[in-house]
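*Asks:* One structure coming up, written as structure tokens, with questions to follow.
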């Protein structure tokens, strides 16, 4: 039953989830090691949430092998859930209770005494910077505060693994950074983070390793950096043209551009040196409306792997 | 750590009590005032009409004596119906407090059983108040009231269990209005609460006898008026218990479908 530091905390082989005829997760394999921040990156409907719900022992596995903390979700679901922290995508806070009461009653679900739940609640409110709202109602809290409270609630049982489904979706940039900052701290304390996201910046910021999911399958796996190195160039030159009309570049840039990608509003040129490509274009008399050189990102990896963008 | 069934259920009940601590004020009116209004207006007001035109009484007693035990169980039915519809919809869909529960060691069975036990506690409290009012109005005495209490609670649970199973299966609250209007309301009126079902046409009498409320009224009134037939009472109890048990098992299915898919 115990997990030594080398064996994976989560082990999945051929993991599949079907709802009737619909296959939400199609035979995926992955392992999550202790202390790691592991991400599922993909667009909405890729199967990320269904995978998370199986890991969280909420949704039964249709097919394949899944081990969580060395246990079998089907047999030991309750015991596994007792050691996980789960931050679901939708807010599930109890709006009829105060901020602190939300933590107290949740601690009771994990069989904590009121005294112990109260002690941890105070600590966690401090941790998520909500101490001064402890006795307030939940409803007037901002989206970011509610998300932080949900994270605090998920930590009430001092879990070794925290599952976060789209932790910052719907939050404004400042609120997102506050959430990320708390998650870094947890990671430094040795908590294993497993998260889903369709934000490439979130995946790059938080994840040591991630899998890219698309249409119920895993299409790539690695660290953000290694995925970018493997599937994209170092830099990208983004061009916009007048009226969206792209001039014919056929054959003109073959030796310096690895790949091009035409999007509805712009043209992406993948190259080692974006500036140099821009120079060559100018020399050839091609003058885009605007141009931008940037580093390749996971968005480019996703585009390369699936032919589609993360947001559509 | 695996959560034992009893402990899991207790945690869910605790949650409801936690919430009730903040919301009980809103329920005081209906708990205390409804029985008083009902017994005053219908029992005393309408009762004096009925009694004056019916000197031998309804089934041999005053209308108040006849009516009160019926209203007792009918009120339990109404409370159970309300408490097993909207709050269940809220737990699963609106506030998602049940969704939060199953992320912990609790599972959907704990949630369903805890919901039913909580409604049972609410019913117990409501029935005690109602019986107290009955005693004050002289519609019964304390020993009879004590004997009627479990009947009122069983009645409520017999409705609450299948209705929570039904409620969990719905995607919005529109069917609840249909349930109130076309199931609960007709039962309230035609299952022997206000008048003996012998007044109904034969065909409707058969339908009335099949409703759980008729069995509840028969038990409650049988106790109140000291005319309980033990064999029939056993059938009444078994009938109501069957609704409770089958309803709870059905709610395990619907709660699990909604929460754990």
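Residue numbers (my numbering), protein chains in the order written: chain X, 180 to 491; chain S, 20 to 280. No residue lacks a Cβ here, since even glycine has one placed at the ideal position from N, Cα and C.
Alpha carbon to alpha carbon, what distance is there between residue 332 (chain X) and residue 360 (chain X)?
*Replies:* By one-based count along the first chain, residue 360 (chain X) stands at place 181. By one-based count along the first chain, residue 332 (chain X) stands at place 153. Looking at the two C-alpha atoms, the distance is approximately 17 Å.
*Asks:* Looking only at its chain, what residues have a beta carbon closer than 7 Å to the beta carbon of residue 121 (chain S), apart from the 5 residues adjacent to it on each side?
*Replies:* By 1-based counting over the second chain, the position of residue 121 (chain S) is 102. Excluding sequence neighbours, residue 121 (chain S) sits near 127, 130, 278 and 279.
*Asks:* Leaving out five residues before and five after residue 158 (chain S) in sequence, what residues of the same chain have Cβ atoms less than 7 Å from its Cβ?
*Replies:* Taking the first residue of the second chain as 1, we reach residue 158 (chain S) at position 139. Hits under 7 Å: 58, 62, 83, 84 and 87.
*Asks:* Who are the near neighbours of residue 358 (chain X) in its chain, counting only those whose CB is closer than 8 Å to its CB and skipping five residues on each side?
*Replies:* What you label residue 358 (chain X) is simply residue 179 of the first chain in a count that begins at 1. So the qualifying residues of the chain are 323, 326, 327, 330, 346, 347 and 350.
*Asks:* Express the C-alpha separation of residue 24 (chain S) and residue 42 (chain S) in angstroms, rounding to a whole number.
*Replies:* One-based indexing of the second chain puts residue 42 (chain S) at position 23. One-based indexing of the second chain puts residue 24 (chain S) at position 5. Distance between the alpha carbons of residue 42 (chain S) and residue 24 (chain S) is about 27 Å.
*Asks:* Give a yes or no on whether the minimum CB-CB distance between residue 192 (chain S) and chain X is below 8 Å.
*Replies:* What you label residue 192 (chain S) is simply residue 173 of the second chain in a count that begins at 1. So no, residue 192 (chain S) is outside the interface.
*Asks:* What are the residues that DSSP puts in a beta bridge with residue 392 (chain X)?
*Replies:* Along the first chain, read from residue 1 onward, the residue named residue 392 (chain X) stands at position 213. According to DSSP, which records beta bridges pairwise, residue 392 (chain X) is partnered with X:397.
*Asks:* Roughly how many angstroms separate the alpha carbons of residue 176 (chain S) and residue 138 (chain S), rounded to a whole number?
*Replies:* As a working mapping, residue 176 (chain S) is identified with position 157 in the second chain. As a working mapping, residue 138 (chain S) is identified with position 119 in the second chain. The alpha-carbon separation between residue 176 (chain S) and residue 138 (chain S) amounts to approximately 7 Å.
*Asks:* Quick one: is residue 315 (chain X) near chain S, going by C-beta distance under 8 Å?
*Replies:* To locate residue 315 (chain X), count along the first chain from 1; it is residue 136. For residue 315 (chain X), the answer is no, since every Cβ of chain S falls outside 8 Å of its Cβ.
*Asks:* Looking at chain X, is there any beta carbon in it that lies within less than 8 Å of the beta carbon of residue 78 (chain S)?
*Replies:* Counting from one through the second chain, the residue named residue 78 (chain S) turns up at place 59. No, residue 78 (chain S) lies away from the interface with chain X (no Cβ there is under 8 Å from its Cβ).
*Asks:* Strictly under 8 Å for the Cβ-Cβ distance: is residue 199 (chain X) near chain S by that measure?
*Replies:* The sequence position of residue 199 (chain X) within the first chain is 20, counting from 1. It does not; no Cβ of chain S falls within 8 Å.
*Asks:* Compare the Cα-Cα distances from residue 389 (chain X) to each of X:466, X:212 and X:199 and report the closest residue.
*Replies:* As a position in the first chain, residue 389 (chain X) is number 210, starting the count at 1. For the residues X:466, X:212 and X:199, the minimum Cα distance to residue 389 (chain X) belongs to X:212.
*Asks:* I'd like to know if residue 224 (chain X) contacts chain S, where contact means its C-beta is closer than 8 Å to some C-beta of that chain.
*Replies:* Position 45 of the first chain holds residue 224 (chain X). No, no contact with chain S.
*Asks:* Rounded to a whole number of angstroms, what is the C-alpha to C-alpha distance between residue 477 (chain X) and residue 376 (chain X)?
*Replies:* Counting from one through the first chain, the residue named residue 477 (chain X) turns up at place 298. Counting from one through the first chain, the residue named residue 376 (chain X) turns up at place 197. Spanning the two alpha carbons is a distance of roughly 12 Å.
*Asks:* So what does residue 48 (chain S) bridge to, in DSSP terms?
*Replies:* The sequence position of residue 48 (chain S) within the second chain is 29, counting from 1. DSSP output for residue 48 (chain S) lists no bridge partner at all.
*Asks:* Between residue 180 (chain X) and chain S, is the shortest Cβ-Cβ distance under 8 Å, so that the two count as touching?
*Replies:* The count along the first chain starts at 1 and reaches residue 180 (chain X) at position 1. Note that residue 180 (chain X) scores a pLDDT of 42, beneath 50, so its modelled location is shaky and nothing firm can be said.
*Asks:* Count the other CB atoms, across all protein chains shown, that sit within 10 Å of the CB of residue 73 (chain S); report buried if there are 16 or more and exposed otherwise.
*Replies:* Indexing the second chain from 1 puts residue 73 (chain S) at position 54. Its Cβ having fewer than 16 others within 10 Å, residue 73 (chain S) is exposed.
*Asks:* Kindly indicate which three-state DSSP category residue 180 (chain X) falls into: helix, strand or coil?
*Replies:* The count along the first chain starts at 1 and reaches residue 180 (chain X) at position 1. Any answer about residue 180 (chain X) is weak, because its pLDDT of 42 lies below 50 and its placement is not dependable; what the coordinates show is given next. Residue state, collapsed to three classes: coil.
*Asks:* Answer with buried or exposed for residue 113 (chain S), where buried requires no fewer than 16 other C-beta atoms within 10 angstroms of its C-beta.
*Replies:* Position 94 of the second chain, counted from the start, is the residue given in the question as residue 113 (chain S). Taking a 10 Å sphere around the C-beta of residue 113 (chain S), we find fewer than 16 other C-beta atoms and assign the residue as exposed.
*Asks:* What distance in whole Å lies between the Cβ atoms of residue 210 (chain S) and residue 238 (chain S), which are believed to be in contact at a cut-off of 8 Å?
*Replies:* The count along the second chain starts at 1 and reaches residue 238 (chain S) at position 219. The count along the second chain starts at 1 and reaches residue 210 (chain S) at position 191. Not a contact, Cβ separation roughly 12 Å.
*Asks:* I need the straight-line Cα distance from residue 221 (chain S) to residue 194 (chain S), nearest angstrom please.
*Replies:* For this step, residue 221 (chain S) is matched to residue 202 along the second chain. For this step, residue 194 (chain S) is matched to residue 175 along the second chain. When rounded, the distance between both Cα atoms is 30 Å.
*Asks:* Jot down the residue ranges of each uninterrupted alpha helix (DSSP H) in the region 208-243 of chain S, minimum 4 residues, whole runs only, in chain order.
*Replies:* 221-229 and 231-243
*Asks:* Looking only at its chain, what residues have a beta carbon closer than 8 Å to the beta carbon of residue 262 (chain X), apart from the 5 residues adjacent to it on each side?
*Replies:* Residue mapping note: residue 262 (chain X) aligns to position 83 of the first chain, counting from 1. Spatial neighbours of residue 262 (chain X) in its own chain (CB-CB distance under 8 Å, excluding positions within 5 residues in sequence) are listed in chain order as 248, 336, 338, 339 and 340.
*Asks:* What residues from chain X crowd round residue 103 (chain S), counting only those whose CB sits closer than 9 Å?
*Replies:* Start at 1 with the first residue of the second chain, and residue 103 (chain S) comes out as number 84. Ordered by position in chain X, no residue passes the 9 Å Cβ test against residue 103 (chain S), which lies about 18 Å from the chain.
*Asks:* Of all the options X:320, X:404 and X:201, which has the alpha carbon lying nearest to the alpha carbon of residue 380 (chain X)?
*Replies:* Along the first chain, one-based indexing puts residue 380 (chain X) at 201. Closest by alpha carbon: X:404.
*Asks:* Does DSSP put residue 484 (chain X) in a helix, in a strand, or in coil?
*Replies:* The sequence position of residue 484 (chain X) within the first chain is 305, counting from 1. Residue 484 (chain X): helix per DSSP, three-state reduction.
*Asks:* Do you know offhand how far residue 469 (chain X)'s Cα is from residue 119 (chain S)'s?
*Replies:* Looking up residue 469 (chain X) in the first chain gives position 290. Looking up residue 119 (chain S) in the second chain gives position 100. The straight-line gap from Cα to Cα measures roughly 48 Å.
*Asks:* I need the straight-line Cα distance from residue 91 (chain S) to residue 146 (chain S), nearest angstrom please.
*Replies:* Looking up residue 91 (chain S) in the second chain gives position 72. Looking up residue 146 (chain S) in the second chain gives position 127. The alpha-carbon atoms of residue 91 (chain S) and residue 146 (chain S) are separated by roughly 7 Å.
*Asks:* Between which two residues does the beta strand (DSSP E) holding residue 448 (chain X) run?
*Replies:* Working through the first chain from its first residue, we reach residue 448 (chain X) at position 269. Residue 448 (chain X) -> beta strand (DSSP E) spans 446-450.
*Asks:* Between which two residues does the beta strand (DSSP E) containing residue 353 (chain X) stretch?
*Replies:* Here residue 353 (chain X) refers to the residue found at position 174 of the first chain. Careful: residue 353 (chain X) lies outside any beta strand (DSSP E), inside the alpha helix (DSSP H) at 352-367.
*Asks:* Going along chain X, which residues have a C-beta under 9 Å from residue 41 (chain S)?
*Replies:* What you label residue 41 (chain S) is simply residue 22 of the second chain in a count that begins at 1. Near residue 41 (chain S) (Cβ distances below 9 Å), the residues of chain X are 275, 276, 277 and 280.
*Asks:* Within the continuous alpha helix (DSSP H) that includes residue 203 (chain X), where are the two ends?
*Replies:* On the first chain, position 24 is the one that residue 203 (chain X) refers to. Not the alpha helix (DSSP H): residue 203 (chain X) falls in the beta strand (DSSP E), residues 201-211.
*Asks:* Give every residue of the same chain whose Cβ lies closer than 8 Å to the Cβ of residue 190 (chain S), excluding the five residues on either side of it in the sequence, and list them in chain order.
*Replies:* As a position in the second chain, residue 190 (chain S) is number 171, starting the count at 1. Non-local C-beta neighbours of residue 190 (chain S) in its own chain, meaning closer than 8 Å and more than five positions away in sequence, comprise 112, ordered along the chain.
*Asks:* Any residues in the region 86-118 of chain S with a beta carbon nearer than 7 Å to a beta carbon of chain B? Which ones, in chain order?
*Replies:* Going by chain labels, chain B is absent from the structure shown, which instead holds the protein chains X and S.
*Asks:* So for residue 246 (chain S), helix, strand or coil by DSSP?
*Replies:* The residue given as residue 246 (chain S) occupies position 227 in the second chain. Residue state, collapsed to three classes: coil.
*Asks:* What three-state label does DSSP hand residue 374 (chain X) in the structure shown?
*Replies:* Translated into positions along the first chain, residue 374 (chain X) becomes position 195. In this structure, residue 374 (chain X) counts as strand in the three-state DSSP scheme.
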